[in-house]
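Student: Okay, so the first sequence: first residue is 1 according to full-length UniProt numbering, each after it adds one.
For each residue, glycine too, the CB sits at the ideal point set by N, CA and C.
Please read all numbers here as calculations on a predicted model, not as lab measurements.
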Amino acid sequence: MNRSETYIEDFPVQGFQQDLINWYQEHQRDLPWRLNQDPYRVWVSEIMLQQTRVDTVIPYFNRFLSLFPTLTDLAEADEEKVLKAWEGLGYYSRVRNLQTAVREVAEQYGGTIPDTADEISKLKGVGPYTAGAILSIAYGVPEPAVDGNVMRVLSRILLIYEDIGKAKTRMLFEDAVRKLISKEDPSSFNQALMELGALICTPKSPACLICPVQEHCRAFDQGRQKELPVKEKKIKIRHVDMAALILRNQEGKYLIHKRPKEGLLANLWEFPNVPVQKRGVSEKEDLKVFIEAEWGISAAVGDQVSNIEHVFSHLKWNIQLFEGQCSHEAMDAADLKWVTLEEMESYPFPVSHQKIIKLAKEVTA
DNA sequence: AAGGCGGGGGG
DNA sequence: CCCCCAGCCTT
Numbered sequence: 001m002n003r004s005e006t007y008i009e010d011f012p013v014q015g016f017q018q019d020l021i022n023w024y025q026e027h028q029r030d031l032p033w034r035l036n037q038d039p040y041r042v043w044v045s046e047i048m049l050q051q052t053r054v055d056t057v058i059p060y061f062n063r064f065l066s067l068f069p070t071l072t073d074l075a076e077a078d079e080e081k082v083l084k085a086w087e088g089l090g091y092y093s094r095v096r097n098l099q100t101a102v103r104e105v106a107e108q109y110g111g112t113i114p115d116t117a118d119e120i121s122k123l124k125g126v127g128p129y130t131a132g133a134i135l136s137i138a139y140g141v142p143e144p145a146v147d148g149n150v151m152r153v154l155s156r157i158l159l160i161y162e163d164i165g166k167a168k169t170r171m172l173f174e175d176a177v178r179k180l181i182s183k184e185d186p187s188s189f190n191q192a193l194m195e196l197g198a199l200i201c202t203p204k205s206p207a208c209l210i211c212p213v214q215e216h217c218r219a220f221d222q223g224r225q226k227e228l229p230v231k232e233k234k235i236k237i238r239h240v241d242m243a244a245l246i247l248r249n250q251e252g253k254y255l256i257h258k259r260p261k262e263g264l265l266a267n268l269w270e271f272p273n274v275p276v277q278k279r280g281v282s283e284k285e286d287l288k289v290f291i292e293a294e295w296g297i298s299a300a301v302g303d304q305v306s307n308i309e310h311v312f313s314h315l316k317w318n319i320q321l322f323e324g325q326c327s328h329e330a331m332d333a334a335d336l337k338w339v340t341l342e343e344m345e346s347y348p349f350p351v352s353h354q355k356i357i358k359l360a361k362e363v364t365a
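1. Please classify Y7 as buried or exposed, where buried requires at least 16 neighbouring CB atoms within 10 angstroms.
2. Secondary structure at A207, three-state DSSP: helix, strand or coil?
3. Along the chain, where does the beta strand (DSSP E) containing Q320 start, and where does it finish?
4. For A325, tell me which candidate among G132, L31, K284 has the shortest Cα-Cα distance.
5. Since L49 and V57 are thought to touch, with beta carbons under 8 Å apart, how far apart are those beta carbons, to the nearest angstrom?
6. Excluding the 5 residues flanking Y40 on each side, which residues of the same chain have their C-beta closer than 7 Å to its C-beta?
7. In the DSSP assignment, what are the bridge partners of Y254?
8. Which residue wins for smallest C-alpha separation from E184, given the options V141, Q354, N273?
9. For the segment 222 to 241 against the segment 152 to 163, do three or more pairs of beta-carbon atoms, one drawn from each stretch, fall closer than 8 Å, so that the two count as touching?
10. What does the Cβ neighbour count give for S327, buried or exposed, with the cut at 16 atoms within 10 Å?
11. Of the residues L180, Q18, F220, L172, which one's Cα is nearest the Cα of P128?
12. Would you identify the three-state DSSP class for I308, choosing helix, strand or coil?
13. For A207, which residues from the same chain have a beta carbon less than 7 Å from its beta carbon, with the 5 sequence-adjacent residues on both sides left out?
14. Alpha carbons only, please: which of L336, D221, L180, K253 is nearest the one belonging to N273?
15. Since Y92 and L315 should fall inside the 8 Å C-beta cutoff, what is the C-beta to C-beta distance between them, to a whole number of angstroms?
16. Taking Cβ positions, are V153 and L196 nearer each other than 7 Å?
17. Distance check for A219 and A192, CA to CA, integer angstroms please.
18. Using DSSP's beta-bridge definition, name the partner residues of R238.
19. With DSSP run on the structure shown, which of helix, strand or coil describes G132?
20. What residue does the alpha helix (DSSP H) around P59 start on, and which one ends it?
21. Is the separation between the beta-carbon of F16 and that of H216 shorter than 7 Å?
22. If we count the other Cβ atoms within 10 Å of its Cβ and call it buried at 16 or more, is I137 buried or exposed?
23. Taking 8 Å as the limit between beta carbons, can you name the residues of its chain near S182, skipping five residues before and five after?
24. Could you say if the segment 345 to 359 and the segment 252 to 270 meet the contact criterion of at least three C-beta pairs nearer than 8 Å?
25. Sort L74, P144, A131 by Cα distance to A106 and report the nearest one.
26. Do H353 and F290 have their C-beta atoms closer together than 7 Å?
27. Thinking just about the alpha-carbon of each residue, which of H27, V240, E362 is nearest to the one in M194?
28. Going by CA-CA distance only, name the one from P203, T116, Y254, G90 that's closest to V363.
29. Exposed or buried, what is L245 when buried is set at 16 or more other beta-carbons lying within 10 Å of its beta-carbon?
30. If we count the other Cβ atoms within 10 Å of its Cβ and call it buried at 16 or more, is L123 buried or exposed?
31. Should A145 and G125 be called a contact, given that it needs their Cβ atoms to be closer than 7 Å?
32. Run through the DSSP bridge pairs and tell me what A300 is partnered with.
33. Evaluate Q14 with the Cβ neighbour count: other Cβ atoms within 10 Å of its Cβ, from every protein chain shown; 16 or more gives buried, anything less gives exposed.
34. Is the CB-CB distance between V276 and I134 below 7 Å?
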């Protein structure tokens with residue numbers, strides 16, 4: 001007997017399914033990826049929705065699908081164009097993994113996205129949640145799709161005090177969903193749990209008074225909905241001081257650099273920059289030395305233009321921004337280019353460096 | 001099991 | 001300010 005049976009025992013599964021799905025049929029939002037059940041569209045939407053709000057995703061989804069309407073279109077596209085379509089959405093490895101995976105589907109499965117848990121879970125970037133979401137929504141397979149919403153909702157309904165920050169806890173909720181899920185309509189059931197989490201059973205102040213499954217909710221019954229879910233404190237973020245340079249040559253072009261293919265902001269473009277040990281000591285010299293050593297470019301580094309703060313989930317950059325000139329001829333390499341502001345628009349930049357582009361336009365205007 | 005990996009909206 | 005969002009990968 002696994003632990004979820006303790007939670008499902010004496011739970012009115014049928015009535016819960018009915019009330020949940022009926023509410024969903026009536027109140028579900030009109031979202032672009034609900035237009036049909038095309039597995040490719042479902043897949044793209046689920047990747048975009050990882051750690052990202054619905055309202056943020058909508059315009060990206062529409063643009064992405066118009067650029068890459070089919071799995072084949074995405075498989076054959078240039079990675080740079082794909083990253084550009086993802087620019088600003090964050091977690092860029094999602095889309096690099098997605099393209100790797102659709103290429104694998106094109107080659108290994110003749111372009112048809114697999115419909116079994118074993119096969120689909122092997123695809124790059126498809127974890128337990130995404131596998132369950134695609135299988136249930138696109139193929140009607142009764143697999144759990146447990147995300148943050150589902151853990152919050154079910155922790156309240158079933159009164160589960162396990163820490164949802166722990167990896168093992170997700171499996172507990174998956175076991176619960178396997179016992180709760182509607183075999184007749186797994187798609188609606190899974191989406192209904194998430195929709196309920198988004199619209200009613202929200203993190204801070206759940207709208208229990210209008211909740212369609214209020215009568216099935218153990219937390220509401222005991223007035224404990226605000227205690228759930230239980231989640232560990234998150235760690236403090238690290239601070240990193242950096243110096244960056246808006247470098248122009250005599251043609252008025254700007255130097256940009258492509259980041260390495262792994263790690264933070266992989267394969268995105270940036271302005272030349274170096275981490276600095278101590279603020280206010282030798283940023284200008286650090287930049288000059290770095291650019292000379294790295295690319296053999298001799299630059300005259302001028303005044304500080306601005307200061308940029310950019311916060312990630314795990315670290316914070318404080319970037320001192322300088323401008324500089326050099327007489328270097330426009331010699332491009334794969335990861336180093338001299339471009340005009342107009343040409344720059346076709347390269348994918350992280351938001352932190354989009355801020356620099358904006359300043360470059362002001363400074364040189 | 002823990003940490004890296006983006007960015008933005010809402011309380 | 002902090003939280004947290006339709007998570008996954010690597011170590």
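Tutor: Per the coordinate set shown:
1. buried
2. coil
3. 315 to 325
4. The sequence shown places Gln at residue 325, rather than the Ala named in the question. Closest option to Q325, Cα to Cα, is K284.
5. 6 Å
6. T70, L71, I113
7. R248, V339
8. V141
9. yes
10. exposed
11. L172
12. strand
13. I200
14. L336
15. Rounded, the Cβ-Cβ distance is 16 Å, inconsistent with contact.
16. yes
17. 19 Å
18. L315
19. helix
20. 54 to 67
21. yes
22. buried
23. Q17, I21, P142, S188, F189
24. yes
25. L74
26. no
27. H27
28. Y254
29. buried
30. buried
31. no
32. Q325
33. exposed
34. no
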